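Q: My questions all concern the structure below.
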Amino acid sequence: MGSRGRQGTANMRRSNVQDGLFAPDKVSYIHRTPRGLSKRIVEEIAYVKKEPEWMRRVRLSAHQTFLRRKAPVWGPDIASVDFANLHYYIRPTEKVAQRWSDVPAPIRKTYDRIGIPRAERKYLMGVMAQYESEAVYHSIQEKLAQTGVIFTDMDTAVRQHPEIIQRYFGTVVPAADNKFSALNTAVWSGGSFVYVPAGVRVALPLQAYYRINAPQVGQFERTLIIAEPGSYVHYVEGCTAPRYSTSSLHSAVVEIIVKKGARVRYTTVQNWSKNVFNLVTKRSFVYEEGIMEWVDGNIGSGVTMKYPSVYLLGRKARGEVLSMACAGTGQVIDAGARAIHGAPETSSRIISKSISKGTGRTSYRGLVRIPRGMRGSASHVSCDALLLNPRARSDTYPRMEVYEPQARVGHEASVGRIGEEQLFYLQSRGLSEQEAVSMIVAGFVEPIAKELPLEYAVELNRLLEYEMSNAVG
Amino acid sequence: MKSLEIKKLRVAIGGTRILQDVSLSMAPREIHAIMGPNGSGKSTFAATIMGRPDCAVQSGSIRLFGKEIRKLDPEKRAHAGLFMSFQHPVEVPGLSTEHFLRTAYNTTHPRTRLGPVEFRTRFEMYANRLRISIDLARRFLNEGFSGGERKKLEVLQMLVLEPRVVVLDEIDSGLDVDALKLIAQAIRARARKGTSVLLITHYARILKYLKPDRVHILIGGTIVKSGRAALANAIERRGYEKSVDGTKIVRRNS
């Protein structure tokens, strides 16, 4: 059955090749640092990007931290990440393009395949696409600018809004948080900066597309979102990457600050190619009556470690993490959530849905912490796993550190397989076994899929259908 | 031509013989009832016709409009016009009933595929006929439905999918009198359109509203007696043992 699972993966790749998504493009790189990481490389990155002195210092200090810190000893095996063999900075074009027509043709072609312009024409307000390590295409419509919303790539933000960046950068995820946040802080490039002024509600989702397109490129996006009191924004990040035989490292840091009464939703559909290590630190600080929602879908990558976190720091702050993982043969997706209740009357909800097929492994790794004194706080965790083959595996590591006697805490977990009777029922109505499995899987992830913007929900279902082809054995 | 023709069917589940030498033949528009005590093999008979993988046909044949189907996957049988209602319909969380049923309709009717709007019109018409609330029909497939609601939803699926041969496995259990009348009416309407109906039931109750052309009594995995509608009444009055003279009744646990 494992072999049939592998076949399934191969089929999916073929389909994607037909779609052109995984066909590598030829792009000439304007600047690329040599392989490996050293103080000199870090300085070179700061120099090439013409960054202010303070950012150069931040990078260099983070590099020192990176050298000191050990990789986490828990979780998936990431020993094969070859830090010395990666390019840490690649820039394909001279500067950030302002209009679609300014984007170099090969890159435009790639985006045409992913469908950005179409998506934009339809209903996007602002699109910022990331190619390699830097944003090359970036458009903000008048309306956004008029309301005072800033939506730009991080490199531009450092130059144009140094006062905001210097104030918040690294305050939610310090460089010293873990080895990979240190690495990201040292060599970050690209990513998004979103600033929403007080009381402004951004009606349509802000979207960014990411793509790794060269072998052995490490991508180290850095995203910072600040929602001032009473504001609202939904940020959407999606990935699709071509497949190469050498390992690629993707290690992003996302910092979000949700001020009093503000609400931020951050949606990801991650479909990195199977050779990518996806080691991401995502965290948010949520103040009084603020709401933070992470919606996180993981389908691709070889190894993923990602635990979107909510630090509830003001009364009645609320955090939600909805996470979905689908791991096929050879994939390890270690995902989960952290909810730290740092104020009374705070609440958190974590929903995790994982699917494992072939020899794929998914894990839910979660932490809920409610210290003494956080009265009236509540947390609910539910994680469900669906195993499609006997060799597929799912583990649950739920940690609950609850010291407040008045806190309400709930936890439920389930592991299931697709039942013979379920399959027979759907087949008796005319569906093939594969269609039946796809429908059962789609139903399983429905609680997450319904939270996605429509085109992402459609994309997710399509990807799952690919993944489910020949999944049954 | 016969719509459903079963000859000398012998079936085992996990090596245990459940049915032997079961034969039955039906014409379009006919309603047949299979009655029998618990554990007589009624549900296995239904599941075997539909092709449940664990029901191993050891010998005999199942023909649908003259075509042998005993080796076909269940979905191929559905494409050939067969439908079975489940005694215990299965929940599929997160799967919209309407979306599922439209997909099922379009795969079984490739020449008359329906778009979402056309399908909804038809779906709602049949739901109204069965007095199923639209809200219920919009919920996820069988999730959180009561026993009676599930049975009604099975009949709704039958109406929507327009099969030519239906096997209804205890469609009458768990229904109140009003619901029973409604679904009997719906089944009769289906038969008038040419569909053959094989009703599997414990009780003669539903047969008051749905006059069967033939009644077969299945005991110990074999049809021990067949007759007209009156046979069902005899069973209701006198029980299985006295209605089947001279046959040794072997009971098994289901």
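Protein chains in written order, with the working numbering: chain S, 1366 to 1838; chain A, 380 to 633. Where is the CB? At the ideal position from N, CA and C, for every residue including glycine. Predicted model, so just to flag it, every value in this text is computed and none were measured.
According to DSSP, is PHE529 of chain A helix, strand or coil?
A: For the purposes of this step, residue 529 of chain A is taken as residue 150 along the second sequence, with counting starting at 1. Position check: residue 529 of chain A holds Arg in this sequence, whereas Phe was assumed. Residue state, collapsed to three classes: helix.
Q: Tell me, which residues are paired with HIS1706 of chain S by DSSP?
A: Numbered from 1 along the first sequence, position 341 holds the residue referred to as residue 1706 of chain S. HIS1706 of chain S is bridged to S:LEU1677.
Q: With a threshold of 8 Å between beta carbons, is SER1793 of chain S in contact with chain A?
A: For this step, residue 1793 of chain S is matched to residue 428 along the first sequence. Yes, its Cβ sits closer than 8 Å to a Cβ of chain A.
Q: Do you know how far the Cα of THR1727 of chain S is from the Cα of ILE441 of chain A?
A: In the second sequence, the residue the question calls residue 441 of chain A occupies position 62. In the first sequence, the residue the question calls residue 1727 of chain S occupies position 362. Using only the alpha carbons, I get a separation of about 44 Å.
Q: Is the shortest distance between the beta-carbon of ALA1462 of chain S and the beta-carbons of chain A less than 8 Å?
A: Here residue 1462 of chain S refers to the residue found at position 97 when the first sequence is read from its first residue. Its pLDDT being 46, under 50, ALA1462 of chain S is placed unreliably by the model, and nothing is read from it.
Q: For PHE519 of chain A, return the contacting residues in chain S, with the cut-off set at a CB-CB distance below 9 Å.
A: The sequence position of residue 519 of chain A within the second sequence is 140, counting from 1. Under the 9 Å cutoff, chain S gives GLY1808, GLU1811.
Q: Determine, for ALA457 of chain A, whether the minimum Cβ-Cβ distance to residues of chain S falls below 8 Å.
A: Sequence index remark: in the second sequence, residue 457 of chain A carries index 78 (1-based). True, the Cβ-Cβ gap to chain S drops below 8 Å.
Q: Which residues in the same chain as SER419 of chain A place their Cβ atom closer than 6 Å to its Cβ, once the five residues preceding and following it in sequence are excluded?
A: For the purposes of this step, residue 419 of chain A is identified with residue 40 of the second sequence, where counting begins at 1. Excluding sequence neighbours, SER419 of chain A sits near LEU597, ILE598.
Q: LEU1537 of chain S by DSSP, collapsed to three states: which one?
A: If you number the first sequence from 1, residue 1537 of chain S lands on position 172. First, the residue type needs correcting, since residue 1537 of chain S is Val and not Leu in the sequence shown. The answer is coil: DSSP assigns VAL1537 of chain S none of H, G, I, E or B.
Q: Helix, strand or coil for TYR1729 of chain S? Go by DSSP, reduced to three states.
A: The residue labelled residue 1729 of chain S in the question sits at position 364 within the first sequence. In the structure shown, TYR1729 of chain S sits in a strand (DSSP, three-state: E or B).
Q: Using the Cβ count rule (16 or more neighbours within 10 Å means buried), how would you classify LYS531 of chain A?
A: As a working note, residue 531 of chain A is residue 152 in the second sequence. Buried: at least 16 other Cβ atoms inside 10 Å.
Q: What are the start and end residues of the beta strand (DSSP E) that includes THR427 of chain A?
A: Here residue 427 of chain A refers to the residue found at position 48 when the second sequence is read from its first residue. Counting along the chain, THR427 of chain A falls outside any beta strand (DSSP E), though it belongs to the alpha helix (DSSP H) covering 421-429.
Q: Considering only C-alpha positions, which residue in the set A:GLY553, A:ILE513, A:ASP514, A:ALA563 is nearest to VAL534 of chain A?
A: Along the second sequence, one-based indexing puts residue 534 of chain A at 155. Residue A:ALA563 is the option with its Cα nearest to VAL534 of chain A.
Q: Name, please, each residue of chain A whose Cβ falls closer than 7 Å to the Cβ of SER1797 of chain S.
A: The residue given as residue 1797 of chain S occupies position 432 in the first sequence. Chain A residues near SER1797 of chain S: GLU454.
Q: Using a Cβ-Cβ cut-off of 7 Å (strictly less than) and excluding sequence neighbours within five positions of ILE1805 of chain S, which residues of its own chain qualify?
A: Residue numbering aside, residue 1805 of chain S sits at position 440 when the first sequence is read from its first letter. Only ILE1783, GLN1787 meet the Cβ criterion.
Q: List the residues that DSSP assigns as beta-bridge partners of MET1833 of chain S.
A: Counting from one through the first sequence, the residue named residue 1833 of chain S turns up at place 468. Answer by DSSP bridge pairing: none, since MET1833 of chain S is not bridged.
Q: So which of S:GLY1626, S:LYS1647, S:LYS1639 has the shortest CA-CA distance to THR1633 of chain S?
A: Within the first sequence, the letter at position 268 stands for residue 1633 of chain S. Of S:GLY1626, S:LYS1647, S:LYS1639, the residue nearest in Cα terms is S:LYS1647.
Q: According to DSSP, SER1596 of chain S sits in a beta bridge with which residue or residues?
A: On the first sequence, position 231 is the one that residue 1596 of chain S refers to. Answer by DSSP bridge pairing: none, since SER1596 of chain S is not bridged.
Q: To the nearest angstrom, how far is the alpha carbon of GLY1667 of chain S from that of VAL1407 of chain S?
A: By one-based count along the first sequence, residue 1667 of chain S stands at place 302. By one-based count along the first sequence, residue 1407 of chain S stands at place 42. Whole-angstrom Cα-Cα distance: 27 Å.
Q: Can you name the residues of chain A whose CB is closer than 7 Å to the CB of TYR1560 of chain S?
A: Taking the first residue of the first sequence as position 1, residue 1560 of chain S is located at position 195. Near TYR1560 of chain S there are no residues of chain A at all, since even the closest Cβ is about 37 Å away, more than 7 Å.
Q: Let me make sure I understand the geometry here. Which of S:GLU1766, S:PRO1755, S:ARG1758 has the alpha-carbon closest to that of VAL1348 of chain S?
A: There is no way to answer for residue 1348 of chain S, as the model of chain S reaches only from 1366 to 1838.
Q: Secondary structure at ASP1916 of chain S, three-state DSSP: helix, strand or coil?
A: Absent from the structure is residue 1916 of chain S, since the part of chain S shown begins at 1366 and ends at 1838.
Q: Can you give me, in chain order, the residues of the stretch 1678-1689 of chain S that have a beta carbon less than 9 Å from any beta carbon in chain A?
A: Hits within the stretch: zero.
Q: Any Cβ of chain A within less than 8 Å of the Cβ of GLU1485 of chain S?
A: Residue mapping note: residue 1485 of chain S aligns to position 120 of the first sequence, counting from 1. Unreliable placement is indicated for GLU1485 of chain S, whose pLDDT of 42 sits below 50; no coordinate value is reported for it.
Q: With a threshold of 16 other CB atoms inside 10 Å of the CB of MET504 of chain A, please say whether the residue is buried or exposed.
A: Mapped onto the second sequence, residue 504 of chain A falls at position 125. Exposed: under 16 other Cβ atoms inside 10 Å.
Q: Would you verify that the beta carbon of GLU1786 of chain S is, or is not, closer than 8 Å to some beta carbon of chain A?
A: Along the first sequence, read from residue 1 onward, the residue named residue 1786 of chain S stands at position 421. By this cut-off, GLU1786 of chain S is an interface position.
Q: Under 8 Å: do the stretch 423-443 of chain A and the stretch 606-622 of chain A share three or more Cβ pairs, one atom per stretch?
A: Taking 8 Å as the limit for Cβ pairs, the verdict is that the stretch 606-622 of chain A does not touch the stretch 423-443 of chain A.
Q: Going by DSSP in three states, VAL1806 of chain S sits in which element: helix, strand or coil?
A: As a working note, residue 1806 of chain S is residue 441 in the first sequence. Helix.
Q: When you compare the CB positions of ALA1757 of chain S and GLY1723 of chain S, do they come within less than 8 Å of one another, or not?
A: Locating residue 1757 of chain S in the first sequence gives position 392, counting from the first residue. Locating residue 1723 of chain S in the first sequence gives position 358, counting from the first residue. Yes, Cβ-Cβ distance for ALA1757 of chain S and GLY1723 of chain S is below 8 Å.
Q: Can you give me the C-alpha to C-alpha distance between GLN1771 of chain S and GLY1741 of chain S, rounded to a whole angstrom?
A: Residue numbering aside, residue 1771 of chain S sits at position 406 when the first sequence is read from its first letter. Residue numbering aside, residue 1741 of chain S sits at position 376 when the first sequence is read from its first letter. Distance between the alpha carbons of GLN1771 of chain S and GLY1741 of chain S is about 6 Å.
Q: Reducing DSSP to helix, strand and coil, say where GLU1528 of chain S ends up.
A: Translated into the one-based positions of the first sequence, residue 1528 of chain S becomes position 163. The answer is helix: DSSP assigns GLU1528 of chain S an H, G or I state.
Q: Can VAL1619 of chain S and SER1596 of chain S be called in contact, C-beta distance under 8 Å?
A: Stepping through the first sequence from its first residue, residue 1619 of chain S is reached at position 254. Stepping through the first sequence from its first residue, residue 1596 of chain S is reached at position 231. No; because the gap between Cβ atoms is not below 8 Å, this pair is not in contact.
Q: Output yes if chain A places a C-beta closer than 8 Å to the C-beta of ILE1805 of chain S; else output no.
A: Mapped onto the first sequence, residue 1805 of chain S falls at position 440. Yes, ILE1805 of chain S lies at the interface with chain A (some Cβ there is under 8 Å from its Cβ).
Q: If the cut-off is 9 Å on Cβ atoms, which residues from the stretch 423-447 of chain A count as contacting chain S, listed in chain order?
A: Listed by position, the residues of the stretch 423-447 of chain A near chain S (Cβ gap below 9 Å) are ALA426, MET429, GLY430, ARG431, PRO432, ASP433.
Q: Under 8 Å between the Cβ atoms of LEU1571 of chain S and PHE1516 of chain S?
A: Counted from its first residue, the first sequence places residue 1571 of chain S at position 206. Counted from its first residue, the first sequence places residue 1516 of chain S at position 151. It is a contact, given that the beta carbons lie within the stated cut-off.
Q: At a Cβ threshold of 8 Å, is TYR1831 of chain S touching chain A?
A: Start at 1 with the first residue of the first sequence, and residue 1831 of chain S comes out as number 466. Answer no: the Cβ-Cβ gap between TYR1831 of chain S and chain A never drops below 8 Å.
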